[in-house]
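Numbering (our numbering), first residue to last: 2 to 398. Working notes, beginning with the structure itself.
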Amino acid sequence: MKNNPNIQKQTQDPTVSALRPFGTSIFTEMTALAVEFGAVNLSQGFPDFEGPLEVRQKAAEAIIRGPNQYPPSMGIPALRQAIARKMMRFYGIEVYPETEVTVTAGATEGLTATLLGILEPGDEVILIEPAYDSYAPIASLAGAGIRFVRLAPPDFNLPLHDLEAAFGPRTKAIMINTPQNPCGKVFTEEELTIIGDLCVKHDCYAISDEVYEHLVYGGNTHVTLLSIPSLRQRGFLVSSTAKTFSMTGWKQGYVIAAPPLSKAVRMSHQFITFSGQPALQEAMAMAIDSPDSYYGELLGSYTRKRAYLCEGLKELGFHVLEPDGAYYVLADIRPLGFEDDYGFCRMLPKEAGVAAIPSSCFWKERSCARELVRFCFCKKDETLEEGVRRLRKWLAK
Ligand SMILES: Cc1ncc(COP(=O)(O)O)c(C=O)c1O
């Protein structure tokens, strides 16, 4: 048997070539290091506190009461209607829950269903770097080529010439993320309009990941892709309840798009997960309808956490890039005498008892932004205080 080459081929690494370049996610690696060294985990973006009690109670009650069978593939009507109401309430946009809303297993599956639903092998997708880690692997799995448009620190301005140059005859879609992880950029209406005009010119789609839509600071406002007239019929809005309700483990996301576009999403969604969990969907419908005070308190709390972490890191000597949105801070490590974000983050859990993410993992070229480390502030106040305390103690040595 050992000499049979076919058998050896089957038992070696069966991972498809499209996925091999991506390796194990740095988030997994950093969280594992945080656990190994008992570090304060400011790396992966999940809260260390629970979401609203009444939402969890509603889910528990719905599980006991039932039904617990497959809900409709596109999501239960109550949740799709709540999502449509929310689009009118926050953005003044009319959305049809029957034909335009699809509930997915988190934004991650929403993005996957969208890309697998619209991409043909040989198509091209434009990604704006820094890009969230799931975009490129999904596009690759779909057989698409990727063109990157690079945003550079410290301002992360959209380079219009590079953006225009990235569009070509094979472009099927451009993906944006606003507010953007990890840099906190919030796309303006003007920038989205430029993107919309390019999509019209090149007859392609825009996909917008808006999972941090309710976390925008200072004088900034979240502008959703679907509010741009040129993108209403060619835009896919992907969002999630994970960040807004501090329940990342529930994986309740959704895609909103015009009916023909939603049809493509639903076609692939039915073969990926088919459906979500009915009790969690019922509870999320209730959560989305929360009063304004809920959304206001969420933003107030994150505004304070952002200020605390930015100030704390500044006092320690980091050069801090204050984010306009999302819940991450990029900190320049050069003033502390370091140069390499990977080396810094691999050493930090053991030496300082704190975990962070090397920001260059969000760029294709690891030479970009090597001086920046990402800390998240979606943590209890005492966790952030302990993180800053440990960094201070380590730096004082
Ligand atoms: C930009 C971005 N998109 C998507 C996700 C994942 O969303 P979900 O948990 O709903 O799949 C995250 C999580 O960190 C994110 O930062």
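Think of the CB as a built atom: it goes at the ideal place given N, C-alpha and C, for glycine as much as any other residue.
*Spell out a yes or no on whether the segment 100-115 and the segment 72-79 are touching, meaning 3 or more CB-CB pairs, one atom from each, closer than 8 Å.*
Three or more beta-carbon pairs drawn from the segment 100-115 and the segment 72-79 are found closer than 8 Å, and the two stretches are therefore classed as touching.
*Closer than 6 Å is what we want: which residues have a beta carbon that near any heavy atom of ligand 1? List them in chain order.*
Having a Cβ closer than 6 Å to some heavy atom of ligand 1 are 46, 107, 108, 109, 133, 178, 182, 210, 212, 241, 243, 249, 252, 254.
*Have a look at 306, 396, 369 and flag the residue whose alpha-carbon is nearest the alpha-carbon of residue 383.*
Locating residue 383 in the sequence shown gives position 382, where the first residue counts as 1. Of the candidates 306, 396, 369, the one whose C-alpha sits nearest the C-alpha of residue 383 is 306.
_Using the three-state DSSP reduction, which class does residue 2 fall into: helix, strand or coil?_
The sequence position of residue 2 within the sequence shown is 1, counting from 1. In this predicted model, residue 2 has a pLDDT of only 46, less than 50, meaning its place in the structure is not dependable; the value taken from the coordinates is given anyway. Coil, per DSSP.
*Would residue 181 be called buried (16 or more neighbouring beta carbons within 10 Å of its own) or exposed?*
Here residue 181 corresponds to residue number 180 of the sequence shown, with the count starting at 1. With 16 or more neighbouring CB atoms inside 10 Å of its own CB, residue 181 falls in the buried class.
*Nearest residue (CA-CA) to residue 127, options 221, 146, 156*: The sequence position of residue 127 within the sequence shown is 126, counting from 1. Ranking 221, 146, 156 by Cα distance to residue 127 puts 146 first.
*Under three-state DSSP, which class holds residue 269?*
If you number the sequence shown from 1, residue 269 lands on position 268. If DSSP states are grouped into helix, strand and coil, residue 269 belongs with the helices.
*Residue environment, residue 2, which counts as buried when at least 16 other CB atoms sit within 10 Å*: Here residue 2 corresponds to residue number 1 of the sequence shown, with the count starting at 1. Because the pLDDT of residue 2 is 46, which lies under 50, any placement of that residue in the model is unreliable, and the number read from its coordinates should be weighed accordingly. A residue is called buried when at least 16 other Cβ atoms come within 10 angstroms of its Cβ; residue 2 does not meet this threshold and is exposed.
_Buried or exposed by the 16-neighbour rule on C-beta atoms within 10 Å, applied to residue 293_ = On the sequence shown, residue 293 is found 292 positions in, with the first residue counted as 1. That one is exposed.
*Counting only the same chain and skipping the five closest in sequence on each side, list residues whose C-beta sits under 6 Å from that of residue 122.*
Your numbering for residue 122 matches position 121 in the sequence shown. Cβ-Cβ distances below 6 Å link residue 122 to 144 in the same chain, with the five nearest sequence neighbours on each side left out; the list follows chain order.
*Own chain residues within Cβ distance below 6 Å of residue 172, not counting five before or after*: Sequence index remark: in the sequence shown, residue 172 carries index 171 (1-based). Excluding sequence neighbours, residue 172 sits near 125, 203, 205.
_On a Cα-Cα basis, can you pick out the residue from 360, 170, 388, 208 that is closest to residue 179?_
The sequence position of residue 179 within the sequence shown is 178, counting from 1. Cα-wise, what sits closest to residue 179 is 208.
*For residue 177 and residue 210, the rounded distance between their alpha carbons*: Taking the sequence shown and counting its residues from 1, the one referred to as residue 210 is at position 209. Taking the sequence shown and counting its residues from 1, the one referred to as residue 177 is at position 176. Computed Cα separation, rounded: 6 Å.
*What residue ranges within the segment 229-316 form continuous alpha helix (DSSP H) runs of no fewer than 4 residues, ordered along the chain?*
Segments of the alpha helix (DSSP H) lying fully in the segment 229-316: 260-273, 279-289.
*Specify the secondary structure class of residue 209 as computed by DSSP and reduced to three states.*
Taking the first residue of the sequence shown as position 1, residue 209 is located at position 208. Residue 209 falls in the strand class under three-state DSSP.
*Report the residue from 157, 226, 142, 215 whose alpha carbon sits nearest the alpha carbon of residue 175.*
Stepping through the sequence shown from its first residue, residue 175 is reached at position 174. Of the candidates 157, 226, 142, 215, the one whose C-alpha sits nearest the C-alpha of residue 175 is 226.
*According to DSSP, is residue 377 helix, strand or coil?*
As a working note, residue 377 is residue 376 in the sequence shown. Strand.
*Should residue 55 be labelled buried (16 or more other beta-carbon atoms within 10 Å of its own) or exposed?*
Translated into positions along the sequence shown, residue 55 becomes position 54. Exposure of residue 55 is indicated by the presence of fewer than 16 other C-beta atoms within 10 angstroms of its C-beta.
*residue 362 to residue 14, Cα distance in whole Å?*
For the purposes of this step, residue 362 is identified with residue 361 of the sequence shown, where counting begins at 1. For the purposes of this step, residue 14 is identified with residue 13 of the sequence shown, where counting begins at 1. Going by the C-alpha atoms only, they are around 24 Å apart.
*Should residue 16 go down as buried or exposed, given a rule of 16 or more other Cβ atoms within 10 Å for buried?*
Walking along the sequence shown from the start, residue 16 turns up at place 15. Residue 16 is exposed by the Cβ-count criterion.
*Count the CB pairs spanning the segment 181-195 and the segment 128-137 that are closer than 8 Å, and state whether there are at least three.*
With a cut-off of 8 Å, the segment 128-137 and the segment 181-195 count as touching, because enough Cβ pairs lie within range.
*In the DSSP assignment, find the unbroken alpha helix (DSSP H) run with residue 189 in it and report its ends.*
Numbered from its first residue, the sequence shown carries residue 189 at position 188. If you look at residue 189, you'll find it isn't in any alpha helix (DSSP H); DSSP assigns it neither H nor E.
*What residues are listed by DSSP as bridge partners for residue 151?*
The count along the sequence shown starts at 1 and reaches residue 151 at position 150. Per DSSP, 130.
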